[in-house]
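Residue numbers (my numbering): -17 to 611.
Each residue gets a CB set at the ideal place from its N, CA and C atoms; glycine is no exception.
Reviewing the structure listed below.
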Ligand code: ADP
C-alpha cells in the first residue's frame, strides 16, 4: 500500500507536462519508471522504457558511451547531479532533443538510492536555432560572395558603431570611425553628397535604399560603394533604423567607365574614318546599326531597322545587286564584300563599301558582322584625279608646243615660201610673151605640192597637240619617229645636238595610238636634248634607235647628257618630279602611262659613260609578221 505522499508523488509524476523517469538503483529487471509525458516524447511504452537497453537504443550511437559513463558516475555516487543534452532517434527516424537533468537521491545512510531524470523537450528550440544558424550562414555566405558588408544604423541615436569591415570600405583603420553622422558625411566624395541625400529622401518615402556613391579614402583615392537596404519607421512614422549591405563596386564601375569610354572611342573612330558597322541575324532579320551607320544613311539614330527600310535608300540602279547580295548572304555563310550606292532623299548619291564577316550567334544561328565605309569622297576624288591626269597630259603637250613653235614655223614656212616663190615664177611665165605654158604648169604643180606639204604639217600638228580620243590602229614606229624627228629637227639643231638615227629595216607594226606614241618619242627627245644643254666638253650626241626585241619592238633614245642617279631611277617617273627650273615633271609619268596602256614598258638606265638611255618596248601582237613597206 502506498503512502499518501507517495500517491501524491505518483500523481504529480504521471500528470507532469515534462518527461520524468525515476531509476531505482536497487531494483533489478526493470529499474526505470517513466511518466506519460516521457513515453509520448520517446514514442515507447512503460514496459519498453523500463530497461537501460532501450535508452541505449534510442541514443545516437556517437553519444552512447560517454552518456553511459557519466551516468555510471552518478549512480556510483561520485556526483549528485548531471545535465545532458540528449539526442534521441525515434522509431520513425525522427529526432527528439531533450535537456535532461539527472539528480541523485540517497538513502538515510547516504548511499545512492534513486536517480530522477527530468527531460525537457528542446526539439523545437533546437530546430529554430538550427534554422537561424543556417540563415546566418547563408547571410555570411551572401556577404562574402558579394563582398557586401552589413550595416545597421540607428538613425535617431546619432552615434553608430561600425564593424571593422565597414570601416575598411571607407579606407579607415579599425575603430577609427567616430560614428557620427557628420563624420560619415566627411567621408563621402563631396560631389556625390547630393546623390546620397536624394537616396535618403527616397528611403524616407518608400523604405527602400539603393544608391551608388563615391567615398574618398584618407589617401585621397576615390572608391565606389553601392548600398542596398531598408529603412524602418517608428510608430510615429519617423525613420529610426536603416539596415542593409554596402559593397565596394569600384572594379565594376571602372570597367563600366572603361567600356563607356571605349564605346565612345569606337563611335568617334567610326565617325572619323567614316566607317559604320552593323550586325544582321539572318534567321530573325534582327539588324543592329552603329550610330555612324545611321548617320551615313541619314536616318535618325535608333530608328527600328528592317531590310525593307534599308532597301528604300539603295540607289535604284543597284537594287538588283542589293537583292542578289541579300539572297546570297541568306543561303550562304561566307564573308562578302560589295560596293553599292545610296540615293538620298535630296538626290545626292553616296558610294558605300561593305565588308561582312559571317559568324554564329549564341544560338548557333548565322549572323553577319559588317563594316560599311562611306567612300563617296574617295570615289569623287579618284574621278577628279583621273580628270586631272588627262588634263595634265594635255597641258604637257601644249607645253611642248611652246618650245616647238620655232621649228613648226620653220616647217610651215618652208612650203609657204616655196608656194610664194612658185606662184610668182608661174605669174612671170604666164606674163611672158609668148607665155611659157609648160614652165607655168610645172611651177603650178610645185605650188600644189608645197601647199599639200604645209597642210600635212598642220594636220600632223593638230593631231599631235589637239586633245583627241585614243585611236587604235597599226602604227609603223619608224615612220612615227621620223615625223617627230622632222618636227623637232630645227630645235635640236639649235641646241647643238648631233642626231643619229638607227631605224631597223624589218620592224613589225605595233597596234596603238600613233599620236600618243609620238608624244612619248617627242618627250624623250626633248628630255635628251635638255640633259645635254649644259654639256660643253663632249659632243652632244643623241641616238634614236628602233629594233626588234623579245617583247616585240623597241625604241631607244640615248643621250650624252648629265645622266641621273640610279637610285632615283623610279622617281623620274613620278608625276611632278623635276630637276629643271621650268620643268613640270609630268612628261615621263604621262609617257609611262601611255606605254603601259599599250601593254608595253618604259625604262630608264644610266649609260656606262655619260648620259642616260630611255627606251620603251611594245608588243606587236597580230602585227608581228607584218613588215614595214
Ligand atoms: P620635266 O622634263 O618637266 O622635268 P619629265 O617627267 O619629263 O619632266 O622628267 C622628269 C625628270 O627626269 C627631269 O626633271 C630630269 O631630272 C629627269 N630626266 C628625264 N630625262 C632625262 C635624261 N635624258 N637624262 C637625265 N635626266 C632625265
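Residue i versus the options, residue with shortest Cα-Cα distance
{"i": "residue 612", "options": "303, 263, 273", "result": "One cannot answer for residue 612 here, as it falls past the ends of the chain, which runs -17 to 611."}
{"i": "residue 342", "options": "335, 336, 334, 351", "result": "351"}
{"i": "residue 598", "options": "590, 563, 463, 477", "result": "463"}
{"i": "residue 223", "options": "287, 134, 311", "result": "134"}
{"i": "residue 600", "options": "496, 23, 305, 564", "result": "496"}
{"i": "residue 365", "options": "396, 333, 349", "result": "333"}
{"i": "residue 291", "options": "270, 144, 78, 115", "result": "270"}
{"i": "residue 541", "options": "581, 595, 534", "result": "595"}
{"i": "residue 582", "options": "148, 492, 68", "result": "492"}
{"i": "residue 318", "options": "331, 300, 337", "result": "337"}
{"i": "residue 201", "options": "590, 110, 299, 155", "result": "155"}
{"i": "residue 2", "options": "-8, -13, 502", "result": "-8"}
{"i": "residue 348", "options": "258, 266, 22", "result": "266"}
{"i": "residue 211", "options": "189, 203, 19, 519", "result": "189"}
{"i": "residue 20", "options": "8, 9, 37", "result": "37"}
{"i": "residue 400", "options": "225, 431, 584, 417", "result": "431"}
{"i": "residue 484", "options": "506, 529, 475, 461", "result": "529"}
{"i": "residue 309", "options": "289, 94, 47, 28", "result": "289"}
DSSP-derived helix/strand/coil call for residue i
{"i": "residue 73", "result": "coil"}
{"i": "residue 105", "result": "helix"}
{"i": "residue 410", "result": "helix"}
{"i": "residue 552", "result": "coil"}
{"i": "residue 454", "result": "coil"}
{"i": "residue 315", "result": "coil"}
{"i": "residue 15", "result": "strand"}
{"i": "residue 155", "result": "coil"}
{"i": "residue 148", "result": "helix"}
{"i": "residue 294", "result": "helix"}
{"i": "residue 260", "result": "strand"}
{"i": "residue -14", "result": "helix"}
{"i": "residue 561", "result": "coil"}
{"i": "residue 8", "result": "coil"}
{"i": "residue 129", "result": "coil"}
{"i": "residue 397", "result": "helix"}
{"i": "residue -1", "result": "coil"}
{"i": "residue 249", "result": "helix"}
{"i": "residue 305", "result": "helix"}
Residue i versus residue j: straight-line alpha-carbon distance, rounded
{"i": "residue 559", "j": "residue 488", "result": "37 Å"}
{"i": "residue 466", "j": "residue 402", "result": "26 Å"}
{"i": "residue 302", "j": "residue 320", "result": "13 Å"}
{"i": "residue 261", "j": "residue 274", "result": "13 Å"}
{"i": "residue 170", "j": "residue 358", "result": "53 Å"}
{"i": "residue 206", "j": "residue 197", "result": "6 Å"}
{"i": "residue 107", "j": "residue 24", "result": "17 Å"}
{"i": "residue 50", "j": "residue 137", "result": "54 Å"}
{"i": "residue 33", "j": "residue -11", "result": "23 Å"}
{"i": "residue 214", "j": "residue 221", "result": "6 Å"}
{"i": "residue 490", "j": "residue 454", "result": "16 Å"}
{"i": "residue 57", "j": "residue 158", "result": "57 Å"}
{"i": "residue 65", "j": "residue 11", "result": "25 Å"}
{"i": "residue 244", "j": "residue 588", "result": "55 Å"}
{"i": "residue 287", "j": "residue 268", "result": "8 Å"}
{"i": "residue 522", "j": "residue 543", "result": "7 Å"}
{"i": "residue 315", "j": "residue 340", "result": "6 Å"}
{"i": "residue 533", "j": "residue 556", "result": "24 Å"}
{"i": "residue 513", "j": "residue 545", "result": "7 Å"}
{"i": "residue 304", "j": "residue 293", "result": "8 Å"}
{"i": "residue 511", "j": "residue 298", "result": "56 Å"}
Status (buried if at least 16 other CB within 10 Å, exposed otherwise) for residue i
{"i": "residue 163", "result": "exposed"}
{"i": "residue 469", "result": "buried"}
{"i": "residue 131", "result": "buried"}
{"i": "residue 16", "result": "buried"}
{"i": "residue 459", "result": "buried"}
{"i": "residue -6", "result": "exposed"}
{"i": "residue 97", "result": "buried"}
{"i": "residue 110", "result": "exposed"}
{"i": "residue 61", "result": "exposed"}
{"i": "residue 5", "result": "buried"}
{"i": "residue 311", "result": "buried"}
{"i": "residue 35", "result": "exposed"}
{"i": "residue 14", "result": "buried"}
- Query: Which parts of the region 36 to 87 are runs of the alpha helix (DSSP H), unbroken and 4 residues or longer, counting only runs that do not cross its ends?
  - Reply: Qualifying alpha helix (DSSP H) stretches, in chain order: 43 to 57.
- Task: Please list the segments of the beta strand (DSSP E) lying wholly inside the region 462 to 523, counting only runs of 3 or more residues, in order along the chain.
- Result: Note on the region 462 to 523: whole beta strand (DSSP E) runs with a minimum of 3 residues are 480 to 485, 492 to 494, in chain order.
- Query: What are the uninterrupted segments assigned as beta strand (DSSP E) that are 3 or more residues long and contained completely in the region 158 to 246, given in chain order?
  - Reply: Here the runs fully enclosed are 190 to 198, 204 to 215, 221 to 230.
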